[in-house]
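Notes follow the structure.
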Amino acid sequence: MKKALIIVDVQNDFCEGGALAVPGANEIIPYINLLMEENEYDQIVLTQDWHPAGHKSFASSNGRNVGESIILNGVPQFMWPDHCIQGTFGAEFHKDLNRDKVTHIIQKGKNIEIDSYSGFQDNNHFMKTGLDDFLKYHEIQLLEIVGLAMDYCVKFTCLDAVSNGYVTCLHFNGTRAVNVKPDNGRDAIYEMIEKGVTILG
C-alpha cells in the first residue's frame, strides 16, 4: 500500500511568535522531521496557507474583532487575525522543518472570498486544491497527517481524506490545537475518531 505524509501548515505565523501562534507548535517540528527520516513515504506533501492581503477571513477585512463569527458565502467563518499573507515571512515554512524529501506543495486559501481549512478543498466545498488528484495519480492509499492546527486545518484535512477514500492516520505527537475554546482540541479528536481517522501516538 503506497503511503504519503501530509504536513499541514507548519508556517511561521502558526509557530511561536507568529500572528496566529498555536501553543506548542514548535515542539512538533522535531517529531515531523524524525518521521521523514525514519520512514519511507512514497510522497511527502506540504500544505501552505497562502492568503491574499485583505482576505475575507481576516477580522480586519470586515470591521470585526478577532474571535467573532460571521456567515461568509453561506458558511460560518471565524474571524482570524491577518496571517499567512502571500509573500510575507509569516507565510513561509518554519526554518527548522526539513524539506529535503518534500515532493509537492499545495497552497490553499488563495481565493480572497472564502477560507480553506482543508488541504483538499475550500470551506464551501466548491474549489479543490489538487491534492486529491495528485495523490490518486501517484496511487496513494494511506495518509499519515501532521501539522497545524489540529482543531482546524488538520481536522478538516483528515475528515476530507476519509471522505475521499484514504486510510487516514493522525500522529498525535505531530500536531497541536489552537484551542480558541478550551475543549476544541479534545472535541476534534473525538470527531476524527468517530469519522474513521486512526490516532497514532
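So the number in my numbering is just where the residue sits in the sequence shown, counting from 1, plus 17.
Every residue, glycine too, gets a C-beta built ideally from N, C-alpha and C.
query: Pick from 112, 169, 85, 103 that is closest to residue 128, judged by C-alpha positions; result: 103
query: Residue ranges of each alpha helix (DSSP H) within the region 120-149, 4 or longer; result: none
query: Reference residue 180; option with closest CA among 191, 26, 214, 117; result: 214
query: For residue 37, three-class secondary structure by DSSP; result: coil
query: As assigned by DSSP and simplified to three states, the class of residue 218; result: coil
query: Nearest neighbour of residue 37, chosen from 154, 108, 174, 160 [CA to CA]; result: 108
query: Within 8 Å, strictly: CB atoms of residue 126 and residue 68; result: yes
query: Start-to-end residues for the alpha helix (DSSP H) that takes in residue 112; result: Premise fails: residue 112 is in no alpha helix (DSSP H) and is neither H nor E.
query: Straight-line gap, residue 217 to residue 120 (C-alpha atoms, nearest Å); result: 23 Å
query: Integer-rounded CB distance, given that residue 137 should sit under 8 Å from residue 254; result: In the structure as shown, the chain begins at 18 and stops at 218. Residue 254 is therefore absent and cannot be evaluated.
query: Option nearest residue 50 by Cα separation, candidates 95, 57, 114; result: 114
query: Own chain partners of residue 196 with C-beta closer than 8 Å, once the 5 adjacent residues on each side are dropped; result: 40, 168, 202
query: Helix, strand or coil at residue 93 [DSSP, three-state]; result: strand
query: Cα-Cα separation between residue 74 and residue 31, rounded to whole angstroms; result: 16 Å
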